[in-house]
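Q: Chains A and B, in that order, are what the protein sequence lines are. Residue 366 is where the first sequence starts when you use my numbering, and the numbers rise one by one after that. Residue 688 is where the second sequence starts when you use my numbering, and the numbers rise one by one after that.
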Amino acid sequence: MNAKPDDRKPLNYFKGAILQSFSKLGFLSSLKGGVEGYMMITGISILIFFLAIAVLAPYISPYDPNAMVGDPFLPPNPKHIMGTNQLGQDVFSRFVWGSRTSLLVAGLSTVIAFIIGVPLGLISGFIGGKLDRTLSMIMDAIYAFPGLILAIAVATMLGPGVLNVAISLAVVYAPTYFRVIRNQTLSVREQLYVEAAKALGAGRMTIMGYYIFPNVIPSVVVISSLCIADAILTAAGLSFIGVGISPEIPDWGYDVSNGQRFLTYRAWWIITFPGLGILLTVIGFSLLGESLDEILNPKLRER
Amino acid sequence: MSLLEVSRLKTYFYTRRGIVRAVDDVSLNLERGEALGLVGESGCGKSTFGLSILRLVPPPGRIIGGKIIFDGENLLDKSEKEMRKIRGKRISMIFQDPMTSLNPVMKIKDHLIELIKTHEPDTSVNEALERASKLLRELGIPPERMNDYPHQLSGGMRQRVMIALALILNPDLVIADEPTTALDTIVQAQILELLKSLRDEYKMSLILITHDLSIVAELTDKIAIMYAGKIVEIADTLSFYEEPLHPYSEGLLRSIPSIELSHQQLKSIPGWPPDLINPPSGCRFHPRCPYAKPICAKEEPPLVKMGEKRIVYCFRWG
């Protein structure tokens, strides 16, 4: 609470929002006492683990993930701890490099969805009227599509590539951000402190930037960690179907799709490890998201 | 010339149920340095009147007629941009609920700096901080509390911060909308004492909107009683308490509990406040008025001047 004087950046207000929720709810005591504390710690540990793998991939992976480094279909052994696949590539190396792709795609799609959804939701909720109605209708129309099908459609249109997959995922998740931010904005804009700011002569941009945005953003933290988990699954789904990332980039989803053909040869290791990777990252983000949800949004608890 | 001249102001709310005439044909004058108490029961339009002056009536409300002459200029002719320069700088407002009228994610000092920077962009941050801490000390808040977030302050302190926000740019007019309603009695007394001393020091005009007649007596020179969207009586504070002219004012004064009359039952005004969508015809108070005559239900009561400063809208005196 004793930050340097004169730092009037929105980031600090965000910090203020978090601090306030923490002190309101007795953050520390809930960490010690409740389940959400353990959920958060587990989630963060899993994520840090995968993040470390992704960042340190060049140092961890024993082989080039795309090179043929051994006989095909070797079961896990001391030389290849996760075995080799049908092309003789090292599954462990592909697992390590694949974590990069998964996290990158998921992170990128979340950032893009955030950049599209949050400002639109803010403007839509704050200005209201016809603009709000139009935007809400468009976003609801997108939202009504099943996520994976929409992502397949967009990804097919854009072609393969990390950025393209991220964009097609962002299209799916932007409406979620939009709706959450819009609805929150609608309620925050009726708060007395917004009216007080108006009565003291604050302009529209000031009110949106300093009064509404920092007060609606905590819910986005929750949404984004849940959306990332979903995005990893959808991205894997896209790669699985074959409209995702091109095969030379190691990717968990692609490896799972590729390896399922060889399950009949009892080569379980080809799909198990990338599948486990997807599962654990998703669990990590979900745990983080749910625990943040519990801690930051007590009102959502009764859901 | 008066600082504020409101004439025939009409603010209506266009709801689905019908038109709510929250402020209906209200005229008021306020001199420089004068304090006016605007008194009435809940829902009589007194807060709407305050918001109308700042042109902040929330939709579906609209100001549909009248004039608000502030310092020689009609505020209703101003653009939104010009109004923004007046709000906070020349006319400021203190709200009823200090618990929710500060942005929970901004530190106290950020509120103050933000306000100063909005209206005086040339001020340096340090200068603004200095002014803020000086004023806060005067209001009884240690300047180091400026680094706190609103939730770390008590209700009384937050209201002091709100007062600081309203005063720091030295406005000509402060509108205080029930500034003490949400506070407990002791803090209420402190805040009133503070407002009183500040009023003397800064020579600002004050409109104190309240339903509590006992607060008004302390703080104001002049009282306007509002009933169902209309002003029924304007009087200087002293003579009002000595002799209320309008039957409604009389009823209000009689319904204040007093120590001396503790053994008596409180006298309340019979009936209910009228529905502002379908107000009673003629004088809006006539269904509850003990002195009602047949004419009261038919015609609007005339403006009657009693002496120099007193105005009452009632057939009894006209």
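Note that beta-carbon positions come from the ideal geometry of N, C-alpha and C, so glycine has one too. Quick caveat, the model's predicted, so the values are computed rather than measured.
Say whether chain A places a C-beta atom closer than 8 Å to the C-beta of L743(B).
A: The residue labelled residue 743(B) in the question sits at position 56 within the second sequence. Output row for L743(B): interface = yes.
Q: I'd like to confirm the pairing. Which residues does DSSP put opposite N761(B) in its beta bridges?
A: Counting from 1 along the second sequence, the entry for residue 761(B) is found at position 74. Partner(s): I756(B).
Q: Please check if any C-beta of chain B sits within less than 8 Å of the C-beta of G566(A).
A: Counting from one through the first sequence, the residue named residue 566(A) turns up at place 201. Closer than 8 Å to some Cβ of chain B, the Cβ of G566(A) qualifies, so yes.
Q: Since V903(B) meets chain A, which of its residues come closer than 7 Å, beta carbon to beta carbon?
A: Within the second sequence, numbered from 1, the residue matching residue 903(B) stands at position 216. Those do not exist, as V903(B) stays about 22 Å from chain A at its closest Cβ, beyond 7 Å.
Q: Starting from the Cα of M770(B), find the closest Cα among Y558(A), I411(A) and G568(A) and give me that residue.
A: The count along the second sequence starts at 1 and reaches residue 770(B) at position 83. It is G568(A) whose Cα lies nearest to the Cα of M770(B).
Q: Classify V710(B) as buried or exposed, calling it buried when 16 or more other Cβ atoms lie within 10 Å of its own Cβ.
A: Position 23 of the second sequence, counted from the start, is the residue given in the question as residue 710(B). Per the 10 Å Cβ criterion, buried.
Q: Rounded to the nearest angstrom, what separates A422(A) and T646(A) at their Cα positions?
A: Position 57 of the first sequence, counted from the first residue, corresponds to residue 422(A). Position 281 of the first sequence, counted from the first residue, corresponds to residue 646(A). Cα-Cα distance, rounded: 16 Å.
Q: Buried or exposed: where does K495(A) fall if 16 or more other Cβ atoms within 10 Å of its Cβ makes it buried?
A: Along the first sequence, read from residue 1 onward, the residue named residue 495(A) stands at position 130. Flag for K495(A) reads exposed.
Q: Quick one: is A520(A) near chain B, going by C-beta distance under 8 Å?
A: For the purposes of this step, residue 520(A) is identified with residue 155 of the first sequence, where counting begins at 1. Not one chain B Cβ lies under 8 Å of A520(A).
Q: Just to confirm, is the Cβ distance from L717(B) to L743(B) under 8 Å?
A: As a first step, residue 717(B) is located in the second sequence; it is residue number 30 there, counting from the start. As a first step, residue 743(B) is located in the second sequence; it is residue number 56 there, counting from the start. Cβ distance not < 8 Å, so L717(B) and L743(B) don't count as in contact.
Q: In the DSSP assignment, find the unbroken beta strand (DSSP E) run with A632(A) in it and report its ends.
A: The count along the first sequence starts at 1 and reaches residue 632(A) at position 267. Counting along the chain, A632(A) falls outside any beta strand (DSSP E), and DSSP gives it neither H nor E.
Q: Following the continuous beta strand (DSSP E) through L717(B), name the residue where it begins and the one where it ends.
A: Walking along the second sequence from the start, residue 717(B) turns up at place 30. It spans G705 to L717 - the beta strand (DSSP E) in which L717(B) sits, taken as one unbroken run.
Q: Work out the CA separation of S584(A) and E667(A) for me, nearest whole Å.
A: To locate residue 667(A), count along the first sequence from 1; it is residue 302. To locate residue 584(A), count along the first sequence from 1; it is residue 219. Residue placement at E667(A) is poorly supported in this model, since its pLDDT is 39, which falls under 50; the coordinates are not used for a value here.
Q: Pick out the complete beta strand (DSSP E) segments inside the segment 857–895 of chain B, 3 residues or longer, and give them in chain order.
A: You should have 860–864.
Q: Following the continuous alpha helix (DSSP H) through L900(B), name the residue where it begins and the one where it ends.
A: Taking the second sequence and counting its residues from 1, the one referred to as residue 900(B) is at position 213. Note, L900(B): alpha helix (DSSP H), L900 to L906.
Q: So N834(B) and K796(B) are in contact, right, with Cβ under 8 Å, and what is the actual spacing, rounded?
A: Position 147 of the second sequence, counted from the start, is the residue given in the question as residue 834(B). Position 109 of the second sequence, counted from the start, is the residue given in the question as residue 796(B). Sure, about 7 Å apart at Cβ, within 8 Å.
Q: Rounded to whole angstroms, what's the CA-CA distance from P511(A) to F491(A)? Just pull it up for me.
A: To locate residue 511(A), count along the first sequence from 1; it is residue 146. To locate residue 491(A), count along the first sequence from 1; it is residue 126. Taking the straight line from one Cα to the other gives about 29 Å.
Q: According to the neighbour-count rule (16 or more other Cβ atoms, all chains shown, within 10 Å of its Cβ), is Q625(A) buried or exposed?
A: Within the first sequence, the letter at position 260 stands for residue 625(A). Exposed: under 16 other Cβ atoms inside 10 Å.
Q: Do P437(A) and T449(A) have their C-beta atoms closer together than 8 Å?
A: Residue mapping note: residue 437(A) aligns to position 72 of the first sequence, counting from 1. Residue mapping note: residue 449(A) aligns to position 84 of the first sequence, counting from 1. In this structure, T449(A) lies closer than 8 Å to P437(A) by Cβ.
Q: Give the residues from the segment 487–505 of chain A that approach chain B closer than 8 Å (Cβ to any Cβ), ordered along the chain.
A: If the cut-off is 8 Å between Cβ atoms, the segment 487–505 of chain A has nothing near chain B.
Q: Answer with buried or exposed for N367(A), where buried requires no fewer than 16 other C-beta atoms within 10 angstroms of its C-beta.
A: Locating residue 367(A) in the first sequence gives position 2, where the first residue counts as 1. Its pLDDT being 45, under 50, N367(A) is placed unreliably in this model, and the value from its coordinates should be taken loosely. Label assigned to N367(A): exposed.
Q: Under DSSP, the alpha helix (DSSP H) around A417(A) begins and ends at which residues?
A: Position 52 of the first sequence, counting from 1, holds the residue named residue 417(A). Counting along the chain, the alpha helix (DSSP H) containing A417(A) begins and ends at V400 to V420.
Q: Consider the Cβ of D371(A): report whether some Cβ of chain B lies at a distance smaller than 8 Å.
A: Here the question's residue 371(A) lines up with position 6 in the first sequence. Low confidence applies here, because D371(A) scores a pLDDT of 47, under 50, leaving its location unreliable and the question unanswered by this model.
Q: What residues in the segment 569–593 of chain A bring their beta carbon closer than 8 Å to a beta carbon of chain B?
A: Within the segment 569–593 of chain A, the qualifying residues are T571, Y575, Y576, P579 and N580.
Q: I want to verify the contact list: residues of chain B whose CB lies under 7 Å from the CB of L557(A), in sequence order.
A: Sequence index remark: in the first sequence, residue 557(A) carries index 192 (1-based). The answer, in chain order, is F782, D784, T787 and S788.
Q: If you run the structure through DSSP and keep just helix, strand and coil, what is A594(A)?
A: Taking the first residue of the first sequence as position 1, residue 594(A) is located at position 229. A594(A): helix per DSSP, three-state reduction.
Q: Residues in the segment 792–812 of chain B with C-beta within 8 Å of chain A's C-beta atoms, listed in sequence order?
A: So the close ones are V792, M793, K794, K796, D797, I800, E801, L802, T805, H806 and V812.
Q: When you compare only the Cα positions, how much space is there between R997(B) and K909(B)?
A: Numbered from 1 along the second sequence, position 310 holds the residue referred to as residue 997(B). Numbered from 1 along the second sequence, position 222 holds the residue referred to as residue 909(B). If you take the alpha carbons of R997(B) and K909(B), they lie about 10 Å apart.
Q: Whose C-alpha, out of C1001(B), H838(B) and I921(B), is nearest the C-alpha of E995(B)?
A: Working through the second sequence from its first residue, we reach residue 995(B) at position 308. For the residues C1001(B), H838(B) and I921(B), the minimum Cα distance to E995(B) belongs to I921(B).
Q: Relative to the alpha-carbon of K954(B), which residue among S968(B), S734(B), I778(B) and P977(B) has its alpha-carbon at the smallest distance?
A: Taking the first residue of the second sequence as position 1, residue 954(B) is located at position 267. Taking only the C-alpha atoms, the option nearest K954(B) is P977(B).
Q: Comparing the C-beta of L893(B) with each C-beta of chain A, is any distance below 8 Å?
A: Position 206 of the second sequence holds residue 893(B). Not an interface residue.
Q: Y699(B) by DSSP, collapsed to three states: which one?
A: Here residue 699(B) refers to the residue found at position 12 when the second sequence is read from its first residue. Looking at Y699(B) - three-state DSSP - the assignment turns out to be strand.
Q: Classify R631(A): buried if its beta carbon has 16 or more other beta carbons within 10 angstroms, exposed otherwise.
A: Position 266 of the first sequence, counting from 1, holds the residue named residue 631(A). Counting Cβ neighbours within 10 Å, R631(A) comes out exposed, since fewer than 16 surround it.
Q: Nearest-angstrom Cα distance between G408(A) and L653(A)?
A: Numbered from its first residue, the first sequence carries residue 408(A) at position 43. Numbered from its first residue, the first sequence carries residue 653(A) at position 288. Cα to Cα, G408(A) sits roughly 5 Å from L653(A).
Q: Assuming contact is defined by CB atoms lying nearer than 8 Å, are P931(B) and L940(B) in contact in what I supplied?
A: Here residue 931(B) refers to the residue found at position 244 of the second sequence. Here residue 940(B) refers to the residue found at position 253 of the second sequence. Yes.
Q: Which residues of chain A have a Cβ atom closer than 7 Å to the Cβ of L852(B), listed in chain order?
A: Start at 1 with the first residue of the second sequence, and residue 852(B) comes out as number 165. Correct list: L565.
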